[in-house]
Amino acid sequence: MTTAVHELPRIAGELERVRETTLELLEPLDDELLVAQVSSIMSPLVWDLAHIGWFEELWLVRRDGEQSAIGLDELYDAFRHERAERSSLPILRPAEARAYLEGVRRRTLEVLEDEPRDAYLYGLVLQHELQHQETMLQTVQLSGVAYPAPFHDDLPPSPEPEDVLVTAGPFTLGTNDRLWAYDNERPAHVVELPAFRIEPRPVTNKRFVEFIEAGGYRKRHYWSDDGWRWLRAERAEAPLYWERTDGGWQRRRFGQREPVPPDEPVMHVSFYEAEAVSAWAGKRLPTEAEWEKAARETGATLGRVWEWTSSTFSGYPGFEAFPYAEYSEVFFRDEQRVLRGGSWATDPLVARITFRNWDFPQRRQLFSGVRLASDA
Ligand SMILES: [Fe+2]
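For what it's worth, the numbering used here labels the leading residue of the sequence shown as 22, then goes sequentially.
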């Protein structure tokens, strides 16, 4: 799909907007933090930064098969090294990474003017950068450094929900869009679901505290076998970043201690905790098909936390890897669970109804929460 001339200004505008946000996000952080290995499950922030430029160079500047001019493929191809070892590689220093991004962007804009790449490649690169922004915010949060209140952070109170009934019948899961959607969202296909009920909002902190106070983390029957094993190994007693104090539950958010706000959706829970709170409430997690149907038909509140679903990550019937197998196909494994919806840190270009996020069930650094469903 070639890029129409009238699209060029909009693409250039989005490239600029997204880049400004990336640089703004890193602006308050010193070089020491940028190069640090904050956690074994995260890359050093400066790796994310240069990798954003490398990905842009790969898809929007280079010709087929061309190597990176300055030998960066070995360092920034995400499949060559584990996250935990990236800080020990000879990666670009922060000033070098910024200069590299600038150089790539100059060439991207030249190519855009002279011989634009296919339109979907611009969507791919923009979304990639936006997704790394969210990953970088997870790293900042993990680091515990004081950090200014992050952008998009606007969480209105979330009252206790009533279940909504979604009636039985067919609906179309996924999309055939080839401009913005990823390969794993295609093809659109009709799915027949029995009726089910779903809450219009994610579980709030207040409700999650009730689960904790009811012995939620100590009662075996709320947990799956894998979940219980995880709980014992992790010794978890509350969501990540929470701490019990004399005055009630507190949490650490971007370096600040604060009382847990009761009306916000609970965040930083693993899939296992999501399952357990569902069991405590006498409910269950939605499948991703149920989630998508509910999002289409009920006007559920989206975009505040990623929501764990009970589905494992796999290709839809007729799946075709595009434009490369490593985007999603290599992650089609039973241990990967699908999350839906998008968080406060997810840009609207990414947080579409058909978007599928995935991660290991034990992960809690995600801005992840839970929505409850039940059979009708
Ligand atoms: Fe990436």
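Note that beta-carbon positions come from the ideal geometry of N, C-alpha and C, so glycine has one too. Keep in mind that this is a model prediction, so the values were computed, not measured.
### Task
Give the secondary structure of Leu36 by DSSP, where H, G and I count as helix, E and B as strand, and everything else as coil.
helix
### Message
What residue range does the alpha helix (DSSP H) around Thr160 cover?
### Response
140 to 164
### Message
Could you check whether Ala99 and Thr24 sit closer than 7 Å to each other, using their CB atoms as the reference points?
### Response
no
#### Entry: Within the segment 243 to 269, ranges of the alpha helix (DSSP H) (whole runs, at least 4 residues)
246 to 255
### Message
For Gly195 and Gly269, I'd like the C-alpha separation in whole angstroms.
### Response
43 Å
#### Entry: Contacting residues, own chain, Cβ-Cβ under 6 Å from Val56 (five flanking each side not counted)
Pro65, Val67
### Query
In terms of residue numbering, what span does the beta strand (DSSP E) encompassing Ile219 cover?
217 to 219
### Query
In this structure, does DSSP put Gly74 in helix, strand or coil?
helix
### Query
Which residue's Cα is closest to the Cα of Gly362: Gly276, Phe292, Val326?
Val326
### Query
Mind checking whether the beta-carbon of Ala99 lies closer than 6 Å to any heavy atom of ligand 1?
Within the cutoff, so yes.
### Query
In chain order, what residues of the same chain have a beta carbon less than 6 Å from the beta carbon of Val146, not counting five sequence neighbours either side?
Glu77, Trp80, Leu81
### Task
Within its chain, find whatever has a CB closer than 7 Å to the CB of Ala297; leave out the 5 residues flanking it on each side and keep chain order.
Gly237, Tyr243, Trp244, Gly248
### Query
Glu279 to Gln271, Cα distance in whole Å?
Rounded to whole angstroms, the separation of the alpha carbons of Gln271 and Glu279 is 5 Å.
#### Entry: Nearest neighbour of Pro398, chosen from Glu150, Arg84, Ile62, Phe388 [CA to CA]
The structure shown does not extend to residue 398, since the chain is modelled only from 22 to 397, so the question has no answer here.
### Query
Which value, in whole angstroms, describes the spacing of the CA atoms of Val26 and Val125?
22 Å
### Task
Assuming Val224 and Leu393 form a contact by the criterion Cβ under 8 Å, report the distance between their Cβ atoms to the nearest whole angstrom.
6 Å
### Message
Any heavy atom of ligand 3 inside 6 Å of the beta-carbon of Ser291?
### Response
In the structure on display, ligand 3 does not appear, and the ligands it does have are ligand 1.
### Task
Using 10 angstroms around the beta-carbon of Asp174, count the other beta-carbons present and answer buried if the total reaches 16, otherwise exposed.
Reliability fails at Asp174, whose pLDDT of 48 lies under 50, so the model's placement of it is uncertain and no value is given.
### Message
Between the segment 257 to 269 and the segment 312 to 320, can you find at least three pairs of beta-carbon atoms closer than 8 Å?
### Response
no
### Per DSSP, the bridge partner or partners of Asn205
DSSP output for Asn205 lists no bridge partner at all.
### Message
Looking only at its chain, what residues have a beta carbon closer than 7 Å to the beta carbon of Gln152, apart from the 5 residues adjacent to it on each side?
### Response
Val371, listed in sequence order.
### Query
Distance, Cα to Cα, Ser61 vs Ser164?
12 Å
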